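Numbering (UniProt numbering), first residue to last: 1 to 364.
In this text, a Cβ means the ideal position worked out from N, Cα and C, and glycines have one as well.
On a predicted model such as this, the values are computed, not experimentally measured, just so you know.
Here is the structure we will look at, set down as structure tokens.
Listed below in structure tokens is the structure:
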């Protein structure tokens with residue numbers, strides 16, 4: 001190594017002369033431009049600039065976390081309100097309603113109302129609107145959603161005329177066509193046999209849709225059609241809880257198969273054999289037990305008065321101290337507020353119990 005350095009020193013001395021320490025001569029000999037080199041160095045970013053740029057870069061962990069949050073929000077949001085989907089369940093999943101044409105509150109489902117408006121029905125014209133009705137219907141693509149198309153088939157047309165000469169020509173067209181020709185003697189004519197064709201009917205001759213299948217109903221699998229009404233209950237702005245509660249309460253007055261659904265609005269039981277029950281349509285039921293005295297007269301008062309005396313009353317025997325007693329009943333009187341009857345027969349001196357049931361129109 002020492003010998004090599006000595007040789008290099010000798011080479012430089014021979015190349016630049018004795019004044020080999022002349023740096024400027026060395027730079028020029030090697031083609032180094034000091035000004036250009038200085039500019040290049042100054043153009044390079046200093047350490048502080050590099051560190052600042054690195055710090056401004058997104059943290060990898062933070063980026064991954066924000067990406068995961070975004071994916072969760074996308075998954076949570078899913079399909080937009082108004083999307084129709086089919087489910088293999090008897091009840092719709094959360095965020096969906098059955099697409100059965102029902103009338104729902106605009107305030108309860110604002111996102112859905114904003115999406116479909118009154119396309120499928122305007123409801124009461126003010127506070128409600130209708131869902132699409134896909135029960136018993138197949139969806140069909142259209143630029144005008146909301147049109148209900150009735151079932152139908154193309155018309156079948158055809159005609160024929162009869163021309164009788166030496167033979168009969170039916171001149172069929174459309175769904176009619178001429179079949180086999182057989183001979184038939186025509187009385188009153190020439191006495192000779194004439195050719196008579198038969199008439200056949202084939203709907204496929206009018207339209208090829210006929211005969212292409214054995215049924216108008218295509219093979220199908222029934223599923224539950226549902227419509228997306230909101231994205232997630234976790235966002236309280238998507239659904240008004242008060243409006244929803246009011247709507248659920250109103251569901252009690254809905255109809256089923258065109259008939260009003262009746263329900264019990266109030267009831268009472270005395271803990272033994274008496275009580276009453278009020279129905280939503282005004283029907284009042286009540287029942288109880290009466291005991292006769294030695295005169296076999298039983299009187300009682302209804303728990304709740306009927307609105308009129310035209311109610312139904314049934315009385316049956318309850319308890320008796322003598323199973324061999326012969327008796328029969330006779331209604332004594334009946335009013336909106338009271339019940340009374342007389343038990344007649346060989347019952348003097350015995351205590352009899354009678355159970356009664358009455359139903360009729362109560363007061364609203």
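- Beta-bridge annotation (DSSP): residue 128 is paired with 105.
- Cβ neighbours of residue 310 within its own chain (closer than 7 Å, five residues either side excluded): 360.
- By the neighbour-count criterion, in which a residue is buried when 16 or more other Cβ atoms sit within 10 angstroms of its Cβ, residue 151 is exposed.
- In the three-state scheme derived from DSSP, where H, G and I count as helix and E and B as strand, residue 100 is classed as strand.
- One thing to note: residue 283 has its Cβ no nearer than 9 Å to the Cβ of residue 276.
- Judged by DSSP secondary structure, residue 143 falls outside any alpha helix (DSSP H); it is assigned neither H nor E.
- With contacts defined by Cβ atoms closer than 9 Å, residue 121 and residue 130 form a contacting pair.
- Going by beta carbons, residue 230 and residue 109 fall inside the 9 Å limit.
- Leaving aside the five residues that flank residue 267 on each side, the residues in its chain whose CB is nearer than 6 Å to its CB run, in chain order, 277.
- Going by DSSP, residue 172 is part of no beta strand (DSSP E) at all; its letter is neither H nor E.
- Collapsing the DSSP output to three states places residue 87 in a strand.
- DSSP places residue 119 outside any alpha helix (DSSP H), giving it a letter other than H or E.
- Residue 220 carries a coil assignment under DSSP once its states are collapsed to helix, strand and coil.
- By the CB criterion at 9 Å, residue 226 and residue 80 fall outside the cutoff.
- In the three-state scheme derived from DSSP, where H, G and I count as helix and E and B as strand, residue 260 is classed as strand.
- Between the alpha carbons of residue 123 and residue 98 lies a gap of roughly 16 Å.
- Taking a 10 Å sphere around the C-beta of residue 264, we find fewer than 16 other C-beta atoms and assign the residue as exposed.
- C-alpha of residue 355 to C-alpha of residue 308: approximately 22 Å in a straight line.
- Apart from sequence neighbours up to five positions away, the residues of its chain that approach residue 85 with a beta-carbon distance below 6 Å are 226, ordered along the chain.
- The Cβ atoms of residue 132 and residue 149 do not sit closer than 9 Å to each other.
- Counting along the chain, the unbroken beta strand (DSSP E) around residue 275 starts and ends at 275-279.
- In the three-state DSSP reduction, residue 299 falls in the strand class (E or B).
- Residues 153, 154 of the same chain have their beta carbon placed closer than 8 Å to that of residue 209, with the five preceding and five following residues left out of the count.
- Taking a C-beta distance under 9 Å as the contact criterion, residue 135 and residue 95 do not qualify as a contact pair.
- In the three-state reduction of the DSSP assignment, residue 79 falls in the coil class.
- Nearest to residue 280 by C-alpha distance, out of 287, 68, 362, 139, is 362.
- Ranked by how close their Cα comes to the Cα of residue 222, the residues 63, 78, 89, 61 have 89 in first place.
- Taking every protein chain shown into account, the CB of residue 261 has fewer than 16 other CB atoms within 10 angstroms, so this residue is exposed.
- Between residue 301 and residue 316, the alpha-carbon positions lie close to 17 Å from each other.
- Inter-residue distance for residue 216 and residue 205 is about 18 Å (C-alpha atoms, whole angstroms).
- In the structure shown, residue 284 adopts extended strand secondary structure according to DSSP, grouped into three states.
- Of the residues 156, 207, 137, 119, the one whose Cα lies closest to the Cα of residue 143 is 119.
- Residue 269 has its alpha-carbon roughly 57 Å from the corresponding atom of residue 69.
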